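Below: the structure, in structure tokens.
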Amino acid sequence: MPDSDSHTPLKDGESHPARDSSGADGVRPHHTSAYNTDVHHTDGDSGFASRVRSAVAWRWGTQVAAQIITWTSTIMVVRLLDPSDYGLFAMSQVVLTALAFLNGQSFATSIVQTDRIDERRVSQVFGMLLLANGSLAITQFLFAPYAAVYFGEPLVADLLRVQAVIFLTIPFIALPSEWLARQLQFRKQGTVNITAAIIGACLALLLAWLGFGVWALVYAPIAMFVTRAVGLTIASGLRIKPIFNPNGAWDMVTFGGTLTLCQLFWIIQSQSDIVIAGRLLSTHDLGLYSEALFLTLIVTGRFIPPINEVALAAYSELHRAKKPLGPYFLKTARMVMTVSAPIYVGLALTSEAAILTLFGAKWAGMVPIVGGLALVMPAFALQLICSPVTNAMGRPRVYLFTAICGAIIMPTAYIWGVNGGFFEGDAGAIGLVHAWWVAAPALLTVTLAMTLPRIGVSPIALVKELTPIALACAAMAAAVVTVQHFAAFELPWADLFASAAVGALTYIATFWFGFRPLVRETWEMLRQRETATPTAPSHIGI
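In structure tokens form, the structure reads like this:
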């Protein structure tokens, strides 16, 4: 079941209490600091680290919980629907996502990065969001028939008309989310996201069981967006009137506009495979590819955006305090790869058992697609975590350049691959997989070349940081292959359980016996607590 976490690097992302305050212009942030949050200190290293740990725990932890709920429903829904339903849904999502880059989320993100914020500037962002998303809803409604003609599927028009309502909820999600994120307040966001996940999961399962088909995939995300809009608006305590005059907020407009361009190129990069394959593959084959991609993007598309959201807020505060960001980036990279790399290596090795166990025999065509995509996803994950650090430094042009490169590299590879250009006879969905093998490492190389020098990190330092993870993954892979070679499991679930257990134990043991100081350092970082609860600054310096 698709989820509603649309904040991407990017963006789909809470505790920092302070005294209550009320604004003269009708903004009433409850339980937050006053508007003027251009602070240039970090409560001391220990206090700041404590707040970041709390933010990560709530934002990432609740995201994990929400995804467990969503995927429990997804596994059941997948068994009730057909691949063609997911193919139709993927077609509608291309249009929805293509328009979403103009939804103004980047202007809301500027609230996190900017040095100066006040009531008027927040109201101006709200006005931008209302104008942008109202226009997008109308545009999608009117454009729906033309999209249906392009894909040759009349039902796509009806799907798009209904999904246009999603844009009307975005202003009431983006603004409260970024307001809370600026202060590293993620507890309330987490509660709202879990509530939305429960509502969406239950509705998707109910509609699929009642025979709604592809409409179960449409109505459930709408319910989640509406729930998040209402919940976050209440949780943030913001009571504002929109201002549609941008005077005085051009720094935010410039920053947000640059990120909007980045989002445009990101959309081209991330959706071009469906656009290209949508006219060449059947809805069945397109459904297999899109669901395989959805499965393999669980970590990069669902769990990394919350990390990036917290990272942007943390990097921004560190940058305002004139602290170097390189060491913090290395820690972020190590944390993300410690979790994501073994998951993807394990998925590549157990793709057949995983698909047959979770999805059933009618989805067996996903096996080679999932296995192939999983191999390259660690490179994609590392590439995704680079943009927050340069954005926090006020250098969104770095992200813009890498986004442009992605918009060139990925579609070119997709066109070449889907037509069998990489390996003879491997056209179609498998050709798209091979396109990922070439394009993702190439894009990672470009991104690191642009990012590392600007934060004072050498490639050797990054390699040293990630070497223990690579060695542990290699040991894990060897153990899993050995088990699969010598043990013959008749039942897919038994194969999956045994391989996962052996792989996890080997990975943990490799770290414990081979890199114990690293384990202790990570544990100390996680368990360390500040004796006094840090609070938000109570003053504003405009």
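Under the numbering used here, the first residue of the sequence shown is numbered 1050, with each subsequent residue one higher. C-beta: ideal position from N, C-alpha, C; glycine also. Remember, it's a predicted structure, so these values are computed and weren't measured experimentally.
- Remark: C-beta atoms of residue 1243 and residue 1273 do not approach each other more closely than 8 Å.
- Residue ranges of uninterrupted alpha helix (DSSP H) with 4 or more members, entirely inside the stretch 1128-1210 and ordered along the chain, are 1132-1149, 1154-1162 and 1168-1200.
- In this model, residue 1123 and residue 1255 are separated by some 12 Å (Cα to Cα).
- The C-alpha of residue 1556 is placed about 25 Å away from the C-alpha of residue 1539.
- At the C-beta level, residue 1339 and residue 1135 come within 8 Å of one another.
- The stretch 1394-1408 and the stretch 1418-1432 touch, with no fewer than 3 CB-CB distances between them shorter than 8 Å.
- Between residue 1349 and the set 1267, 1373, 1271 and 1433, the nearest pair of CA atoms involves 1433.
- With contacts defined as CB atoms closer than 8 Å, residue 1313 and residue 1150 qualify as a contacting pair.
- Residue state for residue 1537 is assigned as coil, using DSSP reduced to three classes.
- Look at residue 1446 here: in three-state DSSP terms it is helix.
- Remark: three or more beta-carbon pairs, one from each stretch, lie closer than 8 Å, so the stretch 1425-1441 and the stretch 1482-1492 are flagged as touching.
- The beta carbon of residue 1462 sits closer than 6 Å to those of 1484, 1487 and 1488, all from its chain and outside the five residues before and after it, given in chain order.
- Between residue 1437 and residue 1364, the gap from beta carbon to beta carbon is short of 8 Å.
- Rounded to the nearest angstrom, the gap between the Cα atoms of residue 1534 and residue 1548 is 11 Å.
- Residue 1460 and residue 1317 do touch by the CB rule: their CB atoms are close to 6 Å apart, below 8 Å.
- In the structure shown, residue 1334 adopts helical secondary structure according to DSSP, grouped into three states.
- Where residue 1435 is concerned, there is no enclosing alpha helix (DSSP H), because DSSP gives it neither an H nor an E.
- Per the coordinates, the alpha-carbon of residue 1390 lies some 28 Å from the alpha-carbon of residue 1143.
- The straight-line gap separating the alpha-carbon atoms of residue 1197 and residue 1141 is approximately 9 Å.
- Here the C-alpha atom of residue 1221 lies approximately 33 Å from the C-alpha atom of residue 1335.
- Looking from the CA of residue 1225, the closest CA among 1174, 1183 and 1476 belongs to 1174.
- For residue 1193 against residue 1152, the beta-carbon gap comes to about 17 Å, at or over 8 Å, which does not count as contact.
- It is roughly 7 Å from the alpha-carbon of residue 1111 to the alpha-carbon of residue 1240.
- In this structure, residue 1285 lies near residue 1229, with their beta-carbon atoms less than 8 Å apart.
- Between residue 1495 and residue 1522, the C-beta spacing is not below 8 Å.
- When the beta-carbon positions are compared, residue 1467 and residue 1476 come within less than 8 Å of each other.
- With respect to residue 1129, residue 1264 sits apart: the two C-beta atoms are not nearer than 8 Å.
- Counting only runs of at least 4 residues, the stretch 1374-1440 fully encloses the following alpha helix (DSSP H) elements, listed from N- to C-terminal order: 1375-1398, 1400-1407 and 1416-1433.
- The residue from 1138, 1125 and 1381 with its alpha-carbon nearest to that of residue 1406 is 1125.
- With a cutoff of 8 Å on beta-carbon distance, residue 1514 and residue 1337 are scored as not near each other.
- For residue 1183, the closest alpha carbon among the candidates 1216, 1190 and 1168 is that of 1216.
- In this chain, residue 1259 is not harboured by any alpha helix (DSSP H), its DSSP state being neither H nor E.
- Each of 1277, 1563, 1218 and 1504 was checked against the Cα of residue 1519, and the nearest Cα belongs to 1563.
- Taking the CA atoms as reference points, residue 1276 sits about 20 Å from residue 1209.
- Between residue 1507 and residue 1333, the C-beta spacing is not below 8 Å.
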